[in-house]
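If you're matching them up, the sequences are chains A and B in order.
Just so we're aligned, residue 37 is where the first sequence starts under the working numbering, counting upward by one.
Just so we're aligned, residue 22 is where the second sequence starts under the working numbering, counting upward by one.
Right, one structure below, let's go through it.
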Amino acid sequence: MCAQCGGPVAAELDLFGALGMPRRLVIEPAELEQRYHDLGRRIHPDRFASGAPAVKEASLKGTALLTRAYRVLRDPVSRGLYWLELNGEKLSDDNKQVPPELAALVFEVQEQLAELREASEPTASESLAAAIREWRGTVQEAMDRARDALAMNFAKWDEGRAEPNSLIAELKKTLSEIAYLRTLLRDIDRELEPPSLSG
Amino acid sequence: MAYSSKVMSHYTNPRNVGSFGKDEAGVGTGIVGAPECGDVMKLQLKISDEGVIEDARFKTFGCGSAIASSSYVTELVKGKKIEEALAIKNSLIVQELNLPPVKIHCSVLAEDAIKAAISDWQKRKGEKGSNKKEEAA
C-alpha cells in the first residue's frame, strides 16, 4: 500500500523499500523506529475497515511487510544476512571455516561447560562456574569486536570504499563469527542460570 | 530426525575419545568449528617421523553426526600415511555414515579437522628442525 495515495504497491518491494529507505547498510535506529511507526499508522487496517476488499487486503499485507522489514533491519546481524540474500549470497554457500583461535576459544569453553555439567562436588562446581563467568567476559569481548567490525564494514560499503566481492567475503566471515559466538553465549548462560525450582 | 545405525554406533560407543598432550612429540592438533550449528571438534593425530599416523584421539561438542564423523575419522586415519589422510574426502564419511544432506557439514568439519591436525604437526616439526629445508607442501 502506498503511503501517499493508499493504493496497492508492487509486491516485490524489498524490505528497505518497504520502509521507504535506500538500500544502505548503516541505519540510524531512531530513524528506523520513526518510519516504522509513521508508515504503520498510515496504512493501519483500522483506517480501511470500511474500504473495498482489495484495499483492506493491501493494508493487511502492507502492515505485515512493514513489520517484517522493521524486525529484519533493526538488528545489524539480520540486516547483514538479508543484505547478503539480496545480493544472491548465503552464509552456507561459503567455506565455513572459522579462524583457528575462535574455534579454540569455543572448544575451551565447551570443555569447561561439560566439566561443570559433570561436577558433583558443590565446591568444584562453584569454582568451575566462576571460571566460566570469567570466560563469558572474554567471549563477550570477542562478540563486541565482531560487531564493531560489522559496523565498520557497513559504513565502508555505504561510502563506496569497498570492493563488492571482498566486502561480501568479509561480511560472511564476520556474520558467521557472530553466529558462533551467539550460540556459545547462549550455551554459557544456560549452564550458569540457577536451576529452576520445578527442575 | 532418525540417525543411521552407523551414526548411532559411533555416537553411543565413540572410538578414541580423549586427548594427547598438546606438546607431546609427534602430536598434531586440529580444532575446527561450524558456526551455523555451534559445533566444535578437536582431532589429535600422533604421527611418526616417517609421516605415518600411529594413533588418533578426538573430542567433539556437537550433534550425533558430528561426534560420529570424528569418531569414524579416528579409525579411518590410523595406519595411513599423511598424504593418504589428506586425500580423504568428506564424501567418504557421508557415504559410510549415511549422513542426510542437512548433516553434510559435519563430514566437512571432520575432513577439515584432519587437515588442520596434519598442518599443525608439519608446523611443529618445521619449528623443531628449523635448520632443515622446508618440505614442499
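Yeah, the Cβ is synthetic: ideal placement off N, Cα and C, and Gly gets one too.
Helix, strand or coil, according to DSSP, for ARG78(B) in the structure here?
strand
Which of helix, strand or coil DSSP assigns to GLY235(A)
Confidence is the limiting factor: at GLY235(A) the pLDDT is only 44, short of 50, which leaves the residue's position unreliable and the question unanswerable from this model.
Touching or not, the segment 178-195 of chain A and the segment 207-219 of chain A, by the rule of three or more beta carbon pairs under 8 angstroms?
The segment 178-195 of chain A, when compared against the segment 207-219 of chain A, does touch it at the 8 angstroms Cβ threshold.
Can you give the Cα-Cα distance for ASP70(B) and ILE139(B), rounded to whole angstroms?
13 angstroms
Between the beta-carbon of LEU130(B) and the beta-carbon of SER92(B), is there less than 8 angstroms?
no
Which listed residue (VAL115(B), ILE88(B), LEU120(B)) has its alpha carbon closest to that of LEU64(B):
ILE88(B)
Going by DSSP in three states, GLY54(B) sits in which element: helix, strand or coil?
It is a strand residue.
With a cut-off of 8 angstroms, does the C-beta of ASP133(B) fall near any C-beta of chain A?
yes
Quick check on GLY235(A) - is its C-beta less than 8 angstroms from some C-beta in chain B?
The predicted position of GLY235(A) is uncertain, since its pLDDT is 44 and thus under 50; no value can be drawn from it.
Spatial distance of ALA100(A) from VAL94(B) (CA atoms)
48 angstroms
Proximal residues of chain B, C-beta to C-beta of GLU227(A) below 8 angstroms
Those do not exist, as GLU227(A) stays about 12 angstroms from chain B at its closest Cβ, beyond 8 angstroms.
Kindly say whether VAL113(A), judged by its beta-carbon, lies nearer than 8 angstroms to any beta-carbon of chain B.
no
Residues in the same chain with beta-carbon distance under 7 angstroms from PRO35(B), minus the five sequence neighbours each way, listed in chain order, please.
ILE88, SER92
Suppose the cutoff is 7 angstroms on Cβ atoms and the five residues either side in sequence are ignored; what does the same chain contact list for GLY72(B) look like?
LYS102, ILE103
Which same chain residues end up closer than 8 angstroms to ASN152(B) when comparing Cβ atoms and leaving out the 5 residues on each side of it in sequence?
Note that ASN152(B) scores a pLDDT of 48, beneath 50, so its modelled location is shaky; the value from the coordinates is reported in the next line. Correct list: empty, nothing qualifies.
Touching by the beta-carbon criterion (3+ pairs, under 8 angstroms), the segment 44-53 of chain B and the segment 134-148 of chain B
yes
Could you spell out the range, first to last residue, of the beta strand (DSSP E) harbouring GLN65(B)?
60-68
Please report the distance separating the alpha-carbon of ARG222(A) from that of VAL145(A).
12 angstroms
Say whether chain B places a C-beta atom closer than 8 angstroms to the C-beta of VAL175(A).
no
GLU151(A) beta carbon less than 8 angstroms from that of LEU164(A):
yes
Is there at least one Cβ from chain A nearer than 8 angstroms to ALA158(B)'s Cβ?
Residue confidence is low: ALA158(B) scores 46 on pLDDT, short of 50, so the model does not pin down where it sits. Its coordinate-derived value is still stated next. No, its Cβ sits nowhere closer than 8 angstroms to a Cβ of chain A.
Which residues, in order along the segment 58-72 of chain B, keep a beta-carbon less than 7 angstroms from a beta-carbon of chain A?
GLY59, VAL61, LYS63
Would a check of beta-carbon distances place ILE103(B) closer than 8 angstroms to chain A?
no
Quick one: residues in its chain with C-beta nearer than 6 angstroms to the C-beta of PHE52(A), no 5 flanking neighbours on either side, listed in chain order?
ARG59
Cβ-based burial, ASP141(B) [other Cβ within 10 Å; buried from 16]
buried
On a Cα-Cα basis, can you pick out the residue from ASP194(A), GLU162(A), VAL175(A) that is closest to ALA140(A)?
Closest in alpha carbon position to ALA140(A), among ASP194(A), GLU162(A), VAL175(A), is VAL175(A).
Closer than 7 angstroms at the beta carbon, the chain A residues around PRO56(B):
Counting only Cβ-Cβ distances below 7 angstroms, PRO56(B) has contacts in chain A at LYS132, VAL134, SER212, GLU213, ALA215, TYR216, in chain order.
Return the CA-CA distance between ARG169(A) and ALA182(A), expressed in angstroms with no decimal places.
Straight-line Cα distance between these residues: approximately 20 angstroms.
For THR146(A), decide whether its Cβ has a neighbour in chain B, counting only Cβ atoms nearer than 8 angstroms.
According to the sequence displayed, residue 146(A) carries Gln and not Thr. Closer than 8 angstroms to some Cβ of chain B, the Cβ of GLN146(A) qualifies, so yes.
Here's the rule I'm using: 16 or more other beta-carbon atoms within 10 Å means buried, otherwise exposed. How should SER202(A) be labelled?
Exposed: under 16 other Cβ atoms inside 10 Å.
Beta-carbon separation (whole angstroms), LEU68(A) vs TYR106(A), contact threshold 8 angstroms:
7 angstroms
Rounded Cβ spacing between ARG153(A) and GLU206(A) (contact assumed at less than 8 angstroms):
Not quite, the Cβ-Cβ distance comes to about 36 angstroms (not below 8 angstroms), so this is no contact.
Alpha carbon to alpha carbon, what distance is there between GLN70(A) and GLU148(B)?
Going by the C-alpha atoms only, they are around 59 angstroms apart.
Determine the chain A residues that contact ILE52(B) at a beta-carbon separation under 7 angstroms, and present them in chain order.
PRO136, ALA139, ALA140, PHE143
So that I know if they touch, is there some Cβ in chain A lying closer than 8 angstroms to that of PHE79(B)?
Contacts with chain A at 8 angstroms (Cβ-Cβ) do not include PHE79(B).
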